[in-house]
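Below is one structure, written out as structure tokens; the observations come after it.
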Amino acid sequence: MSTEDDSQGPTKGRAPRYDHAEVEPRWQQYWDEHDTFAVTRREGREKKYVLDMFPYPSGSGLHVGHPEGYTATDIMARYWRMRGFDVLHPMGWDAFGLPAEQHAIKTGTHPRDTTKKNIQTFKRQLKMLGFSYDWSREIDTTDPNYVRWTQWIFLQLFERGLAFQDEVSVNWCPALGTVLANEEVIDGKSERGSHPVERRPLRQWMLRITEYADRLEADLDGLDWPDGTLQMQREWIGRSQGAQVTFDIKGHEGKSFEVFTTRPDTLFGATYCVLAPEHELVDQITTDGQRAEVEAYVGAAKNRAERDRQAQKEKTGVFTGAFAINPVNGEAVPIWVADYVLATYGTGAIMAVPGHDERDWAFADKFGLPIVEVVSGGNVEEAAYTDNQHGVLVNSGLLDGLEVPEAKTKIIAWLEAQKKGVGKVQYKLRDWVFSRQRYWGEPIPIYFPVTVAEGKDPRKGDDCEIHFDQPIAVDQSELPLRLPELEDFAPGDEPAGVLARVHDWRFFQKDGKWFARETNTMPQWAGSCWYYLRFIDPQNEEVGWSEKAHADWMPVDLYVGGAEHAVLHLLYARFWHKVLYDIGAVKQLEPFHKLVHQGMILGEDGEKMSKARGNVVNPDDIVRDFGADALRMYEMFMGPLEAVKPWQTSQIQGVVRFRDRVWSLCHRPLGDALSEESDKVLHKTIKKVTEDIDNMAFNTALSAMMELTNHLMGHDEPPREAVEKLVTLMSPFAPHIAEELWKKLGHDESIALIDWPGFDPAKTIDDTIEMGVQVNGKTRGTVTIARDADADAARAAALEVENVSKHVEGKDVKKFIYVPGRIINFVVKG
RNA sequence: GCGAAGGUGGCGGAAUUGGUAGACGCGCUAGCUUGAGGUGCUAGUGGCCGCUUUGGCUGUGGGGGUUCAAGUCCCCCCCUUCGCACCA
């Protein structure tokens, strides 16, 4: 190696190669040591709360999908900081969860240890990417100091009657000793191990989210969320308006059942009724002649997973032998049992109107039940006529001649007057099963009185009776209620959960009486339902968050995370927030003002990344080979944030070159003079980048910076002002190289703390512009004219273009169109 | 089946209120540079035709329509992805 290189001329001379592996960790350390991103509220400043959906720290570490959303929020956080906002940008761990418990069952490693190790990996990887988190606010949902407040919120729900116990039918797998989610059950067998699964009732804690159904729906209106997500939440809540109608049972004096219908106007066409197999009346009304058949059907239905029952297309059912009385015309209609009626929706019973409901039509067709037309407009011999706006009522007594909407109103009034029914709003939303029979979750802070024989000790396994019907809240002074230490995490044959085995923990004496703790734990959702509130005041030991912290930071201004949480997490968190609102703990109706979903990053093969496919990209490899700035910029340059897009490692080269070109640009001698042209390019770029960031259009912001770079590369002595502003603009995207260059350009403070550059609108407008010239709508050339040229000048200039005059000459100009700044068009004939 | 979002070069993707389609980048081609390594610079790059230059035709999933002008608006059809899947 000789010495000639650096002494060559500016265009030939090479800057020292940019070494990301040396520069990036150095700046990460600088930010840590200087607490660059620790935030407090300052007088007279506006705030922004920028939140990522915090990750579950899995054993496989970060994948490239994580940095996509995290880079987007980091750019916004850094940008807003430079615009003078106080920016809260925190990170933490949603660390309760099944994988750590499964790992514990297999290896005996305590879930706490697994979780701790995984968090370390995640944190190292996030730091390696240079995100500007305020790490002093890091939270971990499994930390007793966090669990304490999760339990506190549960007690608020309990005290308001929103947390209650119920017997719920669950998928119980005796071989695994656990309850399974619907998606873990395939064809009646467990997904893991293919063991038989049975439906059995189990005591569960429930949260009464249905009480908030109307508000959860109504308050969607003010949110800046993706339309699709709002739509999904509305469908999930599933509001429908109709009537609940009472059907008496023939020959069973005083016995009746309720049905819900959205079409009370079609009551005269109800020719049979159907009960869900689980309906309590089935057993009571079935006639002796039908009993064997009904019991066989009900028995078979009960043991099938809900999902399987719903998956089948072909309708099945059996006649109970009993009849109901149609309340509007007194006719006796047969009562059937069929599993297409769900016990979990409405009343678990329906009136069937085959003339005007497709499922009822198919069922009636198959079993030869009568089909009666009560709304004209279709042919009910061929198919159900389901139009609920048009059509006139027929065969319907007092409703004849009315249109459907009027008929609905009239029949509901009639039913209410006759006390045979009532107008009603029904929701699909069900109450939330909130208990899990697992170890690695928040203990539910409830205990129950225990009856035990004199001198016996339940802790030694003596018989006792637990009074589950008398739940008692753990006193708030005793929170957090901690998990007991365990060696063996394997589930037993006890559906009450692993904790039920830990007698020393479960049973305790108080004032000479025995009590038993709840042995169920909370689901993983619990911690993520309120974490955004802990971030605003993470170290507070007196309260979950102070009023001051709330006033300082709430609500979340920008929330970014995957679309897979469009319903569950985002609905549960909104529900808790509304409960907290009702007790005065928060002041706004909604927690998340603006929501954005980052699109999934697919593998190079265009398929979802998965270990099985072998198309998973590891961020560690990318950072090692190309650097964190390159990974950040590449993920932003791939396309629109919300779009689903395939990963292509070869494309990273583009942002690496861009980065290195900016590097070499800054190593040229810088000029003081800024030409008018360069000044305009600079101001246009600042405008474009600023507006694109405001719209979170990061791909086009980067392309604008590349164009500015390409422009400046044409200068042997690029103007200092332009170079410095370019570095500033790119700093939210590529913070490491921006810091390094900022320092090399002679500045001492961190670039993260300087002001965002402004632009002069006058300099973003050109005096002359190039416009397309069309003849009959076909582009025939371009012309450069004054921006404010009048029509005559534009026409004259356009005709000077040879290729234009060629097409216009000798022809009759019917029309001349000139839209200043847009287009010139000659409409000619002949 | 229902709902939502989409379909633009070899590839990822640009394109205010309809107004020069293909910005930016990858890849590719050529030239220069460099010379033990995922180099730098310059130019070109939708397709077909013509070519000395100016050029001509065609082109945004397919078919129709509105308009001086359509990737963009309207109608019909096809395909892809993602939700929900018997919700009475």
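For the first sequence, position 406 matches number 405 in numbering that gives the first Met the number 0, and the numbering has no gaps at all. Note that the Cβ used here is the ideal one computed from N, Cα and C, for glycine as well.
{"Item": "With DSSP collapsed to three states, give me the class of V826.", "Value": "strand"}
{"Item": "Hey, how far is the Cα of T261 from the Cα of T518?", "Value": "42 Å"}
{"Item": "DSSP three-state call for T648: helix, strand or coil?", "Value": "helix"}
{"Item": "Q119: buried (16+ other C-beta within 10 angstroms of its C-beta) or exposed?", "Value": "exposed"}
{"Item": "Return helix, strand or coil for R358, following the three-state DSSP convention.", "Value": "helix"}
{"Item": "Let me confirm a value: D73 is counted as buried when at least 16 other C-beta atoms fall within 10 Å, else exposed. Which label applies?", "Value": "buried"}
{"Item": "In or out: E23 buried (at least 16 other Cβ within 10 Å) or exposed?", "Value": "buried"}
{"Item": "How big is the Cα-Cα spacing for V501 and C463?", "Value": "15 Å"}
{"Item": "Under 8 Å: do the region 363-377 and the region 388-395 share three or more Cβ pairs, one atom per stretch?", "Value": "yes"}
{"Item": "Can you list, in chain order, the stretches of the alpha helix (DSSP H) that have 4 or more residues and sit fully within the region 265-299?", "Value": "280-284"}
{"Item": "Where do the ends of the alpha helix (DSSP H) carrying H830 lie?", "Value": "Only positions 0 to 829 of the chain appear in this structure, which leaves residue 830 out of reach."}
{"Item": "Determine the extent of the alpha helix (DSSP H) in which V403 is found, giving its start and end residues.", "Value": "403-416"}
{"Item": "Does the Cβ-Cβ distance between H65 and P56 come in under 8 Å?", "Value": "no"}
{"Item": "Taking Cβ to Cβ, would you say G776 is nearer than 8 Å to N802?", "Value": "no"}
{"Item": "From this set, I535, A793, M635, which residue's C-alpha is nearest T767's C-alpha?", "Value": "A793"}
{"Item": "Determine the DSSP secondary structure at V317, reduced to helix, strand or coil.", "Value": "strand"}
{"Item": "Taking Cβ positions, are T520 and R437 nearer each other than 8 Å?", "Value": "yes"}
{"Item": "What is the rounded straight-line gap between the Cα of E606 and the Cα of M635?", "Value": "20 Å"}
{"Item": "Can you tell me whether G560 is buried or exposed, with buried defined as 16 or more other CB within 10 angstroms of its CB?", "Value": "buried"}
{"Item": "Taking a contact to mean a Cβ-Cβ separation below 8 Å, would you say L570 touches W235 in this structure?", "Value": "yes"}
{"Item": "How would you call D5, buried or exposed, if buried means at least 16 neighbouring beta carbons within 10 angstroms?", "Value": "In this predicted model, D5 has a pLDDT of only 34, less than 50, meaning its place in the structure is not dependable enough to derive any value."}
{"Item": "Since F534 contacts P89 with CB under 8 Å, what's their CB separation in whole angstroms?", "Value": "4 Å"}
{"Item": "If I measure Cβ to Cβ from F467 and keep anything under 8 Å in the same chain, skipping five residues before and after, which residues do I get?", "Value": "Q164, R202, F447"}
{"Item": "Given I324, which residues of its chain have a CB within under 7 Å of its CB, disregarding the five upstream and five downstream residues?", "Value": "F246, D247, K249, A331"}
{"Item": "For E748, does the count of other Cβ atoms within 10 angstroms reach 16, so buried, or fall short, so exposed?", "Value": "exposed"}
{"Item": "Does the beta-carbon distance from L266 to V244 come in below 8 Å?", "Value": "yes"}
{"Item": "For the alpha helix (DSSP H) that contains F625, what are its first and last residues?", "Value": "618-625"}
{"Item": "Which residue or residues does DSSP assign as beta-bridge partners of R660?", "Value": "BP columns for R660 are empty, so no partner."}
{"Item": "Sort G491, E45, V281, F514 by Cα distance to P457 and report the nearest one.", "Value": "F514"}
{"Item": "Tell me the residue span of the alpha helix (DSSP H) that contains P448.", "Value": "Careful: P448 lies outside any alpha helix (DSSP H), inside the beta strand (DSSP E) at 445-451."}
{"Item": "Skipping 5 residues on each side, what residues in its chain have a beta carbon closer than 6 Å to that of L229?", "Value": "L219"}
{"Item": "Report all residues from its chain with a CB closer than 6 Å to the CB of R290; omit the five preceding and five following residues, and keep chain order.", "Value": "none"}
{"Item": "Given a cut-off of 8 Å, decide if S131 and A629 are closer than it, judged by their beta-carbon atoms.", "Value": "no"}
{"Item": "Hey, which unbroken runs of the alpha helix (DSSP H) at 4 residues or more fall wholly within the region 711-780?", "Value": "719-729, 734-743"}
{"Item": "Expressed to the nearest angstrom, what Euclidean distance is found between the alpha-carbon atoms of V782 and V774?", "Value": "13 Å"}
{"Item": "Using CA atoms only, rank isn't needed, just tell me which of G320, T285, H278, F322 is closest to P301.", "Value": "As written in the sequence, residue 301 is Lys, which differs from the Pro given in the question. Measuring from the Cα of K301, the nearest candidate turns out to be H278."}
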